[in-house]
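Each step along the sequence shown adds one to the number in our numbering, with nothing skipped, and position 10 is 10. Using N, Cα and C, we set each Cβ at its ideal position, and we do this for glycine too.
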Amino acid sequence: MSMNPARCIVYISSATTSYSLEEMSLIKDELRRDFAAKQLSGIVIFAGGNLLCMIERAETAVVSTYEEGKKDVRHHGLVKLHDGASDMLHFQDFGLTFMFLHSFGPLNDYSSPERQAYLAECLAIDDKPMRRLNEFLA
Numbered sequence: 001m002s003m004n005p006a007r008c009i010v011y012i013s014s015a016t017t018s019y020s021l022e023e024m025s026l027i028k029d030e031l032r033r034d035f036a037a038k039q040l041s042g043i044v045i046f047a048g049g050n051l052l053c054m055i056e057r058a059e060t061a062v063v064s065t066y067e068e069g070k071k072d073v074r075h076h077g078l079v080k081l082h083d084g085a086s087d088m089l090h091f092q093d094f095g096l097t098f099m100f101l102h103s104f105g106p107l108n109d110y111s112s113p114e115r116q117a118y119l120a121e122c123l124a125i126d127d128k129p130m131r132r133l134n135e136f137l138a
């Protein structure tokens, strides 16, 4: 975790269709490449057709990625939960990570005890982005 000033957007949305494991794996790879190219970090939590996405890093890249995401036909009903400055980069060491609840277990980035401990540490931080993630997971 870094204490550099950054922009953070957290939103929820719903998938427009059900995805196979192979399709979800391709989406995951595509998003990871996009985030890496833009030097972004964050997390996507997928739960039963709904998702929460947290994008963090440089303001222009965060905003443009969110705007692109609003146009993505693979999901709809975007609701922004948080948009603002963040003193902490929660996922900078991992780029874009994925957590799948109820499905797609093999694609879950939080299967190892080390990653589970790191996520628990992040979720214990009392800032707005982490509160939004906790609310989604509750």
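{"Check": "Beta-bridge pairing of Thr65 - partner residues as DSSP gives them", "Outcome": "Answer is none; Thr65 lacks a bridge partner."}
{"Check": "Spatial neighbours of Val10 in its chain, beta-carbon cut-off 6 Å, leaving aside the 5 residues before and after", "Outcome": "Met54, Leu81, His82, Pro129 and Arg132"}
{"Check": "Minimum length 4: unbroken alpha helix (DSSP H) runs contained in the segment 19-93", "Outcome": "21-37 and 59-70"}
{"Check": "Simplified DSSP assignment, three categories, for Tyr110", "Outcome": "coil"}
{"Check": "Proximity below 7 Å, CB of Glu56 to CB of Cys122", "Outcome": "no"}
{"Check": "Same chain, Cβ closer than 7 Å to Thr97, neighbours up to 5 away in sequence not counted", "Outcome": "Ile43, Phe91 and Asp109"}
{"Check": "Through-space distance from Leu107 to Pro113, alpha-carbon basis", "Outcome": "15 Å"}
{"Check": "Contact under 7 Å by Cβ, Lys38 with Ala61", "Outcome": "yes"}
{"Check": "Cβ distance (whole Å) where Arg32 is taken to contact Gly105 below 8 Å", "Outcome": "Not really, about 18 Å apart at Cβ, beyond 8 Å."}
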